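Single-structure report; data block below.
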Amino acid sequence: MAQAKIPVDLILEKLAQSTEETQKRVSRASDILLSPLNTEAAVTPFEIVYAEDRIKLKHYSRSETAENKLKTPLLVIYALINRETMLDLQPDRSVVQTFLKSGIDLYMMDWGYPTRKDRYVSIDDHVNGYINNTVDFIREKSGISKINLMGICVGGSMCTMYSALHPDKIKNLITTVTPSSFDTDKGLLHVWMKNLDVDKMINAFGNIPGDLMNFGFLLLNPARLMIDKYVGFTEFMDNKDFVENFMRMERWIFDSPDVPGETFRQLIEDCYKRNLLIQSKMYLDGKRVDLKKLTMPLLNFYGKFDHLVPPEACEQLTSAVGSKDVEDVCIETGHIGIYVSSKAQKQFAPKIVRWLKDRDEEESPRQKVQTKRKSAVKLQKPFVESKAPEQQNIQANPLAKTDIKTGRQKVNRSRSLLIQKITEAI
Amino acid sequence: MPEDNKKKEPDFLFPSWLKASFDMWSKAAQTMPAFEEDGQKFKAETSNRFIEQWQKNINLMKSFSKTMSEPESTAAAINAINTLPEIILKMAKSGWDAGFKTQSHILEKAGNIGRRAEAYNFDNLDQEVFKALTDIYEKELRQYFYIPQMGLTRFYQERINEMLDKKNLFETTLAEFLSIIYLPIEKSFKVFQEKLQDMAQKGELPKEAKDNYAIWVKILEGHYMSLFKSDEYTDALHNTLERMEDFVVAKNEALRDILQFLPIPTTKEMDELYREFYLLKKRVKELEKKVKPV
């Protein structure tokens with residue numbers, strides 16, 4: 012076989028160039044990292060209107076200039092893992108601000124940080140206690156009989172349970188990346204949870220430590236989440252906006268409250284191991300959660316590349332409920348990307364606003380809709396790292412000079428790709 | 102030394118020593134104030150606990166010296182002294198035997214460790230070495246932590262031993278788990294090298310370092326995905342988690358003993374209290390709901 016010629020001179024030249032660039036970048040980055048940085052998340056103003064035990068209910072002021080303000084308030088229930096600040100991570104990636112600008116009267120549950128005294132708090136206490144009390148509070152405050160409910164991840168599972176148990180209080184239900192059918196081998200989490208000795212775990216820890224769960228999540232994709240993410244950071248650390256956004260995301264990821272022991276036990280035993288929810292066999296406080304009693308309109312979002320809650324765990328819900336107005340929406344992104352990726356920002360929250368507005372005038376669930384709309388709507392093209400023609404030229408001739416505009420576009424695109432990669436890897 | 106001298110020496114020395122001893126204790130007793138000559142009673146002019154105890158000891162030593170200076174007792178004591186070396190030799194012999202047996206037992210155990218290690222195939226060093234380590238610890242070493250403890254502090258010592266045992270078990274399992282987690286990194290470098298070689302032959306070698314990195318990280322991700330789907334990994338993960346939980350429980354049990362000496366409530370006590378609070382709150386809320394409509 013003929014020995015191929017290796018362009019050693021070119022490689023060395025690129026290496027020297029790269030070293031010089033790195034030196035300059037590190038110098039600029041040190042200036043940025045030493046200067047004051049704005050890494051605060053969830054800066055949209057809100058008011059605490061209700062509090063009970065560790066939980067707080069946030070109420071946001073909607074835009075007074077918004078057209079077609081929704082009459083029905085929306086209550087958002089976040090998961091018990093990580094915090095609801097993710098929906099308002101940064102001004103240009105804020106589901107909260109999109110809702111407010113669109114005229115939604117928005118309430119959001121802040122589950123707080125469970126302490127050892129919360130270890131006996133069960134799913135029933137969350138669903139029939141805290142959620143029910145906040146729903147009643149909003150109903151009373153707004154003077155209406157039904158409100159809109161939106162759940163995120165396990166928060167969505169609890170909203171599903173609540174809506175099946177109290178259909179008279181919920182007008183429309185939106186579930187996002189919500190596990191309802193747990194009997195799947197597609198997500199690693201589902202595989203790992205099946206053999207977990209949950210009693211032993213609770214005996215040892217009381218509540219399940221947030222750091223332990225975070226470590227588990229990091230192990231789902233260590234190459235991306237423990238290596239590539241930080242390598243990517245070094246590439247753009249001389250950009251202040253990028254550093255601030257990266258730090259916001261980093262703070263959010265590791266801001267993990269513990270999960271109350273009893274709630275975790277029930278989640279693992281009844282859901283992950285016995286898959287009772289989707290079969291309408293789950294019981295809360297002695298009452299069966301019958302999904303056929305969930306009769307309000309249902310909008311069900313899930314991420315195609317979600318490895319925490321894979322599509323297989325989400326897509327059966329619309330078939331199992333009693334409602335005839337249901338819609339599945341599959342977005343081609345990951346578990347967190349659905350809320351924070353720039354592309355999903357344009358698709359996810361606006362779709363919810365439209366869907367709610369369509370149903371805001373009606374006093375009762377749509378009786379006229381006879382057939383279920385069970386179509387997975389793809390809102391986003393598959394994420395492919397295809398290169399623009401000019402970039403291909405750059406690749407072919409790396410030393411060729413590029414005009415400033417093209418270079419800047421490339422850098423901006425790379426930055427956005429990194430955030431995209433991070434959000435999809437989660 | 103001649104046989105006669107051996108016997109005569111104690112005969113000569115012992116009565117003299119007894120006499121000197123008796124004289125010494127008598128003089129010592131006389132140094133104390135208000136001492137009666139018969140030595141049986143003490144006039145407690147300045148009586149206190151220390152002086153009383155001192156006097157009792159003096160009297161005891163004096164009466165012992167007196168008794169021993171009698172001819173019959175002296176002869177018996179001399180006989181006893183003559184047989185002393187023999188007794189000491191016997192005691193030493195049995196002590197040595199016991200020590201030797203214990204040492205043999207330990208050596209036998211050490212031999213077992215070697216035999217157990219041989220049973221593993223160290224061609225696949227990464228995986229086998231941790232299994233061997235765990236096996237050796239479980240079968241040859243951990244029983245030392247479970248030797249029955251005695252006395253007042255036995256339960257405390259048992260809990261400390263259990264904590265140490267669980268810690269060792271957790272550490273050996275964790276080492277195995279970490280070695281498994283490291284496998285994809287090792288393999289990815291190998292595959293990456295092969296890929297580079299292949300690309301070099303085709304003249305497609307990446308010119309930028311970050312392109313090389315992108316290739317490597319993609320390979321690494323692939324290896325991790327394959328690993329995470331394997332039963333071996335799932336078993337190792339659960340095993341490590343369970344051993345960690347065992348250690349946490351044992352550590353809490355041992356710490357509880359320490360906390361009991363301090364004015365700090367233990368987790369167990371607080372959990373009991375929290376449970377009572379939880380149930381009471383629940384009852385109050387239910388009652389509130391029942392009362393509200395009225």
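Chains R and C are the protein sequences, given in the same order. The opening position of the first sequence corresponds to residue 12 in my numbering, with each subsequent residue numbered one higher. The opening position of the second sequence corresponds to residue 102 in my numbering, with each subsequent residue numbered one higher. We treat Cβ as the ideally placed atom computed from N, Cα and C, and that holds for glycine. Note that this is a predicted model, so its numbers are computed, not measured.
Query	Result
Under 8 Å between C-beta atoms of R/Leu86 and R/Thr171	no
Backbone CA spacing between C/Glu259 and C/Glu354 [nearest angstrom]	10 Å
The ligand COA heavy atom lying under 7 Å from the CB of C/Trp126	Although the ligand COA was asked about, the structure shown includes no ligands whatsoever.
R/Asp179 versus R/Asp339 - alpha carbon distance	23 Å
Three-way DSSP call (helix, strand, coil) for R/Tyr89 in this model	coil
Reduced DSSP secondary structure (H/G/I, E/B, other) of R/Leu68	strand
Candidates R/Thr109, R/Ile155 and R/Tyr89: closest to R/Ala77 by CA position	R/Thr109
Limits of the unbroken alpha helix (DSSP H) element including R/Leu21	Val19 to Leu45
CB contact below 8 Å: C/Val395 versus chain R	Residue placement at C/Val395 is flagged as unreliable, the pLDDT there being 48, under the threshold of 50; a coordinate-derived value is accordingly withheld.
Secondary structure of R/Val107, DSSP reduced to three states	helix
Those residues which DSSP pairs with R/Ile181 across a bridge	R/Ile158
Partners in chain C for R/Gly217, counting only beta-carbon separations shorter than 8 Å	Thr368 and Asp372
Whole alpha helix (DSSP H) elements within the segment 341 to 380 of chain R, 4-residue minimum	348 to 351 and 353 to 371
Cutoff 8 Å: C/Thr335 Cβ touching any chain R Cβ	yes
Span of the beta strand (DSSP E), counted from its first residue to its last, around R/Phe57	Phe57 to Glu63
Straight-line Cα distance separating R/Thr189 from R/Gly348	14 Å
Spatial distance of R/Gln358 from R/Met237 (CA atoms)	29 Å
Three or more C-beta pairs below 8 Å linking the segment 155 to 168 of chain R and the segment 195 to 208 of chain R	no
C/Glu387 - DSSP class collapsed to helix/strand/coil	helix
Interface residues of chain R facing C/Tyr375 [CB-CB closer than 7 Å]	Arg127, Lys128, Arg130 and Tyr131
Rounded C-alpha distance that separates R/Thr55 from R/Trp366	24 Å
Nearest-angstrom beta carbon gap, R/His346 and R/Leu319 [assumed within contact, 8 Å]	4 Å
Assigned exposure category for R/Phe257 - 16 Cβ within 10 Å defines buried	buried
Minimum Cβ-Cβ distance from R/Pro220 to chain C less than 8 Å	no
Proximity below 8 Å, CB of R/Asn232 to CB of R/Ser267	no
Burial state of R/Val380 (16 or more Cβ within 10 Å)	At R/Val380, the pLDDT of 37 sits below 50, so the modelled position is not reliable and the matter cannot be decided from this model.
Under 7 Å by beta carbon: chain R residues contacting C/Lys267	Within chain R, no residue comes near C/Lys267; the closest Cβ sits about 11 Å away, beyond 7 Å.
Cβ-based neighbour list, R/Ile59, same chain, cut-off 6 Å, excluding 5 preceding and 5 following	Lys67
Proximity to R/Ile6 [Cα-Cα], best of R/Ser291, R/Ser153, R/Leu278 and R/Ser334	No information on residue 6 of chain R is available, as it lies outside the stretch 12 to 437 that chain R covers here.
Short Cβ contact (8 Å threshold) for R/Val107 with R/Tyr71	yes
Cβ-based burial, C/Arg255 [other Cβ within 10 Å; buried from 16]	exposed
Buried versus exposed call for R/Leu100 [16 or more other C-beta atoms within 10 Å across all chains shown]	buried
R/Val300 versus R/Asp136 - alpha carbon distance	14 Å
Chain R within 8 Å of C/Tyr325, Cβ atoms only	yes
Beta-carbon proximity list for R/Ala40, same chain, < 7 Å, skipping 5 on both sides	Met248 and Asp249
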